[in-house]
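Below: the structure, in structure tokens.
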Amino acid sequence: MKMSSFVLTLSILLAAPILAHADEASRDQEIVERFAKCDTNKDGKLTKEEAKGCMPRIYSNFSYIDSSGKGYVTVAEIQAMANR
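In mature numbering (1 follows the signal peptide of the UniProt record, and there is no 0), the protein residues as written are -22 to -1, 1 to 62.
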């Protein structure tokens, strides 16, 4: 392997965690923005009814995300699920 190929390969390998973090940060920001639009009463909690027309994937998986059955999910719970 030529030195330039080695350096390029090493650069890609070292950048991978940074790119993964950037993707996660971008996804987290998108979740925050969509959550804010869907949380119609602005209480920081998304009910299944609020998610219904606005965040269909959250609506479909609501009981899984709200595993304790409290009747709402938070932006942090959605982000944690998305980042698994």
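By construction, the Cβ of each residue, glycine as well, lies at the ideal position given by its N, Cα and C atoms.
Own chain residues within Cβ distance below 6 Å of residue i, not counting five before or after
{"i": "Cys32", "result": "Cys16"}
{"i": "Gly49", "result": "none"}
{"i": "Asp6", "result": "Gln57"}
{"i": "Val51", "result": "Leu24, Ile43, Asp44"}
Residue burial classification, residue i (beta-carbon count within 10 angstroms, cutoff 16)
{"i": "Glu28", "result": "buried"}
{"i": "Val10", "result": "exposed"}
{"i": "Ser46", "result": "exposed"}
Beta-ladder partner(s) of residue i, from DSSP
{"i": "Val51", "result": "Leu24"}
Cβ distance (whole Å) where residue i is taken to contact residue j below 8 Å
{"i": "Ala56", "j": "Phe13", "result": "The sequence given here has Ile at residue 56, not Ala. At roughly 7 Å, the Cβ-Cβ gap stays under 8 Å, so Ile56 and Phe13 are in contact."}
{"i": "Phe40", "j": "Lys26", "result": "5 Å"}
Chain-order list of residues whose beta-carbon lies under 8 Å from that of residue i (same chain, five-residue window excluded)
{"i": "Glu2", "result": "Asn61"}
Sequence-distant residues of the same chain with beta carbon closer than 7 Å to residue i, five excluded per side
{"i": "Val53", "result": "Ile9, Val10, Phe13"}
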